[in-house]
Amino acid sequence: MTLTIDSAVTLNNGITMPLLGLGMYQARSDGEAQQAVQWALEAGYRLIDTAQYYRNEKAVGEAIRRSAIPREEIFVTTKLWNTDHGYDRARSAFEASCQRLGLDVIDLYLIHWPVERLRGESWRALEKLYAEGKCRAIGVSNYTVRHLEELLHTAGVVPAVNQVEFSPYLYQKELLAYCQAHGIQLEAYSPLTKGQRLRDPNLVAIAQTYQKTPAQILIRWALQHKVVVIPKSTNRGRIRENADVFDFEISPEDMARLDAFDETLRTSWDPTNAL
Ligand code: NDP
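Adding 73 to a residue's 1-based position in the sequence shown gives its number in the numbering used here.
Shown next, in the form of structure tokens:
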């Protein structure tokens, strides 16, 4: 499989989405976030993952405007926060995100979390935004198979993406297979386990055999599973390091070894029991 920093996947509605992106959770809005996006764009990233919840949409928009890269070459994701569910509220929240970003069109708008009772109505609002051309794709985040089944039962538009926690330490094999079978692209958040397993001796040993860092192995593992991956960093060196994953390939044997690291580790939240 030859992957490059420009590699992209085609979503179920025909648009393309870069395979590697920059995560923005906890990137501060005081200049840190804007600087990180600038460095990432310089390093070749073309996907930026923000959210209303992260409070840095404005900085993301500013960095995109200041770059010399045409808007259509950058893929911007943002998300509907839990307190804005419901048809009308979701529409208003979307408009507010667009305003903060300074963008007319969002590439991908996600429901951040499967909020009880209201998520179906919110999805209808996203479908309408999509029909109006205000976002190029719509999707969900933190949806388990159960939440997806419920959604597919009534949805007019199949979500293009499901963004979930995904790493060798949380290898959600069934969810990945379900999404693949239904044309839903899986996207891996917290792919570096928020740093919690980067010193795992088994991971370090594999990294040494490729002369790569543990973080690079985790990112490459997701890419080789054909999963979009969005490591977060606001450090210039680590932003570059995380994009330097296209000059090697993990062998099938080592992929299997990494797959076996699964310990259902959740470093963010667990939607398993979200009603
Ligand atoms: P990650 O797994 O991406 O880990 C980020 C942490 O690892 C930061 O502390 C970062 O620090 C550090 N780091 C980054 N690169 C390296 C490296 N090469 N070596 C060592 N340490 C490194 O965690 P996130 O939870 O941030 O997940 C990534 C993105 O996924 C988020 O930013 C967000 O966009 C999305 N997300 C979505 C969620 C959802 O519910 N939809 C939930 C959680 C995340 P530093 O910045 O100093 O480099």
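Note that beta-carbon positions come from the ideal geometry of N, C-alpha and C, so glycine has one too.
From a predicted model like this one, the values you see are computed outputs, not experimental measurements.
Burial state of W342 is exposed, judged by a 10 Å Cβ sphere holding fewer than 16 other Cβ atoms. Distance from the CA atom of I211 to the CA atom of I142, rounded to whole angstroms, is 24 Å. The alpha-carbon separation between N86 and V231 amounts to approximately 9 Å. Taken through DSSP and simplified to helix, strand or coil, R209 comes out as strand. Rounded to the nearest whole angstrom, the C-alpha separation of L259 and G104 is 30 Å. One Cα belongs to Q236, the other to R164, and the distance between them is close to 21 Å. For P91, the uninterrupted beta strand (DSSP E) segment begins and ends at 89-91. Rounded to the nearest whole angstrom, the C-alpha separation of E200 and A233 is 11 Å. Among the bridge pairs identified by DSSP, V230 is matched with none. Nearest Cα to D177 within the set G206, A166, S195, L153: G206.
Boundaries of the alpha helix (DSSP H) harbouring Y251: 246-254, taken from the DSSP string. Counting along the chain, the unbroken beta strand (DSSP E) around V149 starts and ends at 148-153. If one requires a minimum length of 3 residues, the beta strand (DSSP E) runs lying completely within the segment 98-160 are 120-122, 148-153, in chain order. Of the heavy atoms belonging to the ligand NDP, none sits nearer than 8 Å to the Cβ of E336.
Straight across, the Cα-Cα distance linking L93 with G159 is about 31 Å. In the displayed model, E336 falls within coil according to three-state DSSP, outside both helix and strand.
The criterion of a C-beta distance shorter than 9 Å is not satisfied by E314 and T282. In this structure, the CA atom of L191 is about 48 Å from the CA atom of Q284. Straight-line spacing of the CA atoms in P187 and E223 works out to 11 Å. DSSP places Q289 within a helical segment (H, G or I) once states are collapsed to three. Straight through space, the alpha carbons of L271 and V277 are spaced by roughly 7 Å. Shown here, I257 sits in coil according to DSSP, grouped into three states, outside any helix or strand. Partner residues in the beta bridge of L243, as assigned by DSSP, are S240.
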